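Numbering-wise, the sequence shown is residues 1 to 435 according to UniProt numbering. Ideal Cβ positions, reconstructed from N, Cα and C, are used throughout, including at glycine. Predicted model, so just to flag it, every value in this text is computed and none were measured. Quick notes on the structure that follows.
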Amino acid sequence: MEGQTPESRGLPEKPDPAATAATLSSMGGVFILLKSALGAGLLNFPWAFSKAGGVVPALLVELVSLVFLVSGLVILGYAAAVSGQATYQGVVRGLCGPSIGKLCEACFLVNLLMISVAFLRVIGDQLEKLCDSLLSGTLPAPRPWYADQRFTLPLLSALVILPLSAPREIAFQKYTSILGTLAACYLALVITVQYYLWPQGLLREPGPSLSAASWTSVFGVFPTICFGFQCHEAAVSIYCSMRKRSLSHWALVSVLSLLGCCLIYSLTGVYGFLTFGTEVSADVLMSYPGNDTVIIVARVLFAVSIVTVYPIVLFLGRSVMQDFWKRSCWGARGRGALADPSGLWVRMPLTILWVTVTLSMALFIPDLSEIVSIIGGISSFFIFIFPGLCLICAMDVEPVGPRVKCCLEVWGVVSVLVGTFIFGQSTVAAVWEMI
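In structure tokens form, the structure reads like this:
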């Protein structure tokens with residue numbers, strides 16, 4: 001580090017031995033980052049606007065959160081370059097020490113596992129509702145076995161989700177991410193247009209209140225925002241797969257991705273809330289008539305959108321298990337085919353195990369809203385706390401000026417404190433609601 005020039009100390013351009021193959025273009029990075037954030041949280045935003053008490057307080061919270069969201073992505077790219085690691089948990093372990101690294105791995109696995117369960121649960125609900133819409137009038141009173149999500153969801157997982165999750169590198173997901181992003185845009189467009197056209201069968205609710213009932217209700221929006229905008233888990237892997245790596249370029253990719261997410265989430269939240277008011281469902285599509293052709297298409301495309309983001313989450317969760325496999329088996333068994341964590345004989349069993357476990361959990365969870373707050377609380381670790389800790393620890397590795405160091409360390413402390421508050425508040429609120 002002492003031999004570097006001042007220009008290179010801003011963001012080292014050194015070859016990264018731990019990084020994956022640098023085959024991802026800048027536009028591909030934008031789409032993967034964008035699609036990582038456009039998940040099941042899109043359906044919850046109108047409900048979050050209602051929970052916050054109106055459009056204005058919810059948008060203010062979203063804009064304040066956007067500052068920390070962009071900051072976290074930039075910090076993670078910088079930390080990946082300083083540490084020379086290619087995974088999120090590797091960066092935290094390399095900069096913050098093995099103890100914090102183990103905590104990161106545990107939180108990482110739990111968070112990604114619950115996100116995968118939520119995604120499969122959303123897909124199952126949309127498939128079930130879609131079957132009811134397409135076969136309305138022909139289905140007997142008890143739903144037949146072929147229209148039940150206990151049959152359709154495992155079938156979709158085996159035929160579509162599992163093959164999409166098999167590739168070794170995350171760069172492959174740039175093709176499916178474009179399709180998934182367009183599907184999410186269609187959903188936002190449908191909700192916006194439906195508000196102005198007001199089709200027959202859609203009941204108009206009284207004008208919603210635009211003021212929050214209390215500060216507690218405003219703070220309750222943070223878990224949904226964290227759940228919706230969480231693409232930070234994929235940030236390090238995306239950065240290390242890009243051909244062009246520099247701090248300014250990575251910051252541009254991060255800003256473009258999150259601005260696109262913010263636009264889509266805001267349109268969905270505002271017009272979904274204005275359409276249904278306080279009666280909006282936690283899954284906004286469930287509030288629309290099931291026989292509307294436009295809504296049926298939206299259900300299909302949104303299911304496609306979630307199907308394309310699930311492999312990204314699985315890739316990240318699998319990377320944690322591959323790191324553990326590498327530390328425990330690579331040195332003990334040598335560099336054979338069975339010991340290589342990225343090899344087919346290790347990668348495929350881990351992929352099948354992940355899909356099987358999350359599918360089993362998704363089929364037994366009764367309501368998606370029960371886990372959104374918990375996921376949002378855990379996500380605050382990866383959006384606020386761990387990036388803040390990495391920034392503070394990176395100051396001891398990468399020499400910078402005293403004033404710059406002081407400012408960056410203060411921002412790191414602020415990020416950790418904000419993340420701790422969001423985690424504590426959301427976790428207590430979620431447990432209290434369950435009780």
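Of the choices the options, whose alpha-carbon is the least far from that of residue i?
i	options	result
Ser157	Glu398, Gln89, Glu409 and Pro311	Pro311
Leu189	Leu344, Val270, Gly401 and Phe31	Val270
Ser246	Lys326, Val74, Cys226 and Leu33	Val74
Tyr146	Val160, Cys131 and Ser237	Cys131
Leu24	Met321, Arg243, Thr351 and Lys51	Arg243
Ile306	Asp125, Ile225 and Val218	Asp125
Gly90	Gln322, Gln194, Leu42 and Ser177	Gln322
Ala58	Thr356, Thr351, Tyr288 and Ile225	Ile225
Val160	Trp432, Ile352 and Leu389	Ile352
Leu113	Ala166, Val284, Trp198 and Thr356	Thr356
Ile32	Ser237, Arg347 and Arg168	Ser237
Tyr88	Leu389, Leu155 and Val284	Leu389
Leu417	Leu285, Leu38 and Ile385	Ile385
Val255	Leu66, Phe222 and Met361	Leu66
Val56	Ser426, Val218 and Pro144	Val218
Met348	Pro167, Leu103, Leu38 and Gly277	Pro167
For residue i, verify whether its CB is less than 7 Å away from any heavy atom of the ligand SAM.
i	result
Ser25	Because no ligand of any kind appears in the structure shown, any question about the ligand SAM cannot be addressed here.
Measure the Cβ-Cβ separation of residue i and residue j and say whether it is below 8 Å.
i	j	result
Ile264	Cys185	yes
Ser36	Ala234	yes
Thr358	Ser26	no
Ala282	Asn44	yes
Leu153	Leu316	no
Ile375	Ala48	no
Gly101	Thr308	no
Leu267	Thr192	yes
Ala298	Leu187	yes
Val61	Ala52	yes
Trp354	Arg318	yes
Phe227	Ser50	no
Leu109	Val320	yes
Gly29	Val253	yes
Gly72	Pro387	yes
Gly260	Leu42	no
Ala303	Leu127	yes
Thr275	Gln194	yes
Pro98	Val284	no
Ser426	Phe151	no
Asn291	Ser177	no
Can you tell me whether DSSP reads residue i as helix, strand or coil?
i	result
Leu95	helix
Ser8	Caution is warranted here: a pLDDT of 42 is assigned to Ser8, below 50, making its placement in the model unreliable, and the coordinate value is therefore given only provisionally. Helix.
Leu135	coil
Leu24	strand
Glu433	helix
Ala337	Since pLDDT at Ala337 reaches only 47, below the 50 mark, its modelled position is unreliable, and no value is offered.
If I measure Cβ to Cβ from residue i and keep anything under 7 Å in the same chain, skipping five residues before and after, which residues do I get?
i	result
Leu69	Phe229, Leu258 and Ile383
Cys107	Ile378 and Phe381
Cys393	Leu95 and Cys96
Trp250	Val74, Gly77 and Tyr239
residue 504	Absent from the structure is residue 504, since the part of the chain shown begins at 1 and ends at 435.
Thr420	Ile385
Ser328	none
Could you name the residues of the same chain whose beta carbon sits closer than 8 Å to that of residue i, not counting the 5 residues immediately before and after it, in chain order?
i	result
Phe324	Glu105
Leu391	Ile75, Tyr78, Ala79, Leu408, Glu409, Trp411, Gly412 and Ser415
Leaving out five residues before and five after residue i in sequence, what residues of the same chain have Cβ atoms less than 6 Å from its Cβ?
i	result
Leu164	Pro311
Val313	Leu112, Ile115 and Ser116
Leu350	Arg318 and Met321
Ile295	Tyr288
Met361	Val117
Cys231	Leu33, Ser36 and Ala37
Val82	Ala394, Val397 and Glu398
Arg93	Gly101
Alpha helix (DSSP H) runs contained entirely in the stretch 40 to 126, provided each spans 4 or more residues = Residue ranges of uninterrupted alpha helix (DSSP H) with 4 or more members, entirely inside the stretch 40 to 126 and ordered along the chain, are 41 to 52, 55 to 83 and 88 to 96.
query = Enumerated in chain order, which unbroken segments of the alpha helix (DSSP H) with a length of 4 residues or greater are wholly contained in the stretch 354 to 430?
reply = Runs found: 369 to 380 and 386 to 397.
inquiry  = Quick check on the DSSP output: what are the complete alpha helix (DSSP H) runs of length 4 or more inside the stretch 287 to 338, in order along the chain?
reply    = Entirely contained in the stretch 287 to 338, the alpha helix (DSSP H) runs reaching 4 residues are, in chain order, 293 to 325.
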